[in-house]
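Structure record follows, encoded as structure tokens.
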Amino acid sequence: MSRIGKRPIEIPSGVEIKIDGNRVNVKGPKGELTRQVSESVNIEVDGSEVLVTRPEESRVARSHQGLVRSLVANMVEGVSAGYVRELEIVGVGYRVDQHGRFLRFDLGFSHPILFELPEGVEVAIDRQTKIKLSGYDKELLGEVAAKIRGLRPPEPYKGKGIRYKDERIIRKVGKAGAA
Numbered sequence: 067m068s069r070i071g072k073r074p075i076e077i078p079s080g081v082e083i084k085i086d087g088n089r090v091n092v093k094g095p096k097g098e099l100t101r102q103v104s105e106s107v108n109i110e111v112d113g114s115e116v117l118v119t120r121p122e123e124s125r126v127a128r129s130h131q132g133l134v135r136s137l138v139a140n141m142v143e144g145v146s147a148g149y150v151r152e153l154e155i156v157g158v159g160y161r162v163d164q165h166g167r168f169l170r171f172d173l174g175f176s177h178p179i180l181f182e183l184p185e186g187v188e189v190a191i192d193r194q195t196k197i198k199l200s201g202y203d204k205e206l207l208g209e210v211a212a213k214i215r216g217l218r219p220p221e222p223y224k225g226k227g228i229r230y231k232d233e234r235i236i237r238k239v240g241k242a243g244a245a
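Residue numbers (our numbering): 67 to 245.
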């Protein structure tokens, strides 16, 4: 029994949802998202709510009901309110600058790293060490944040690197000095 899949999705004002077979199109003030969903569930708009139901009680249908409901809810929230991911850069000399659609990272390597931002993702940089990514596609935003973090993941000894704002790094003890 999928408790998540049974809950209806509220449609905020200014958001339109079109369902064409197993293709869902959500349009709102922030942008437009389209997704192909599983054929093992039914999606229907009922007034100001979206309902995800399953026509049969198979294992696949039960698992896809919760998944499709979460994906459609993320689409609705993204086009109406949007999403934000924040990253921090920790380390002496580590910094980031914006040059148009590119971010230029200085992360202790012998060369700077240029990172191109995809369409649909906006960035705000504060004091060259704080990055605020925003966008309406949760999946794309998370992927971009993970790629940026992967340029220099935080290391466990001094904590240097790129981390999520709310990430907690478990620190290791370094070498003990000679007695």
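Backbone N, C-alpha and C define an ideal beta-carbon position, used for all residues, glycine too.
Out of curiosity, what's the CA-to-CA distance linking residue i and residue j?
{"i": "M67", "j": "R151", "result": "Reliability of the predicted coordinates at M67 is poor, the pLDDT of 48 falling under 50, and the value obtained from them is presented with this limitation in mind. M67 and R151: Cα-Cα distance of roughly 32 Å."}
{"i": "K231", "j": "K72", "result": "33 Å"}
{"i": "D86", "j": "T100", "result": "11 Å"}
{"i": "G174", "j": "I83", "result": "47 Å"}
{"i": "D112", "j": "I75", "result": "10 Å"}
{"i": "L246", "j": "V162", "result": "As displayed, the chain neither begins before 67 nor continues past 245, which places residue 246 out of reach and without an answer."}
If you follow the alpha helix (DSSP H) that residue i is part of, which residue opens it and which one closes it?
{"i": "A212", "result": "204-217"}
{"i": "V142", "result": "125-146"}
From what residue to what residue does the beta strand (DSSP E) around residue i run?
{"i": "A190", "result": "187-192"}
{"i": "K96", "result": "Careful: K96 lies outside any beta strand (DSSP E) and carries neither H nor E."}
{"i": "R229", "result": "227-230"}
{"i": "K196", "result": "196-201"}
Assuming residue i and residue j make a contact with CB atoms under 8 Å, what is their CB distance in whole Å?
{"i": "I109", "j": "V134", "result": "7 Å"}
{"i": "Q131", "j": "V118", "result": "6 Å"}
With distance defined between alpha-carbon atoms, name the residue in the options nearest to residue i.
{"i": "G148", "options": "R73, S200, R167, V81", "result": "S200"}
{"i": "E209", "options": "R218, V142, P184", "result": "P184"}
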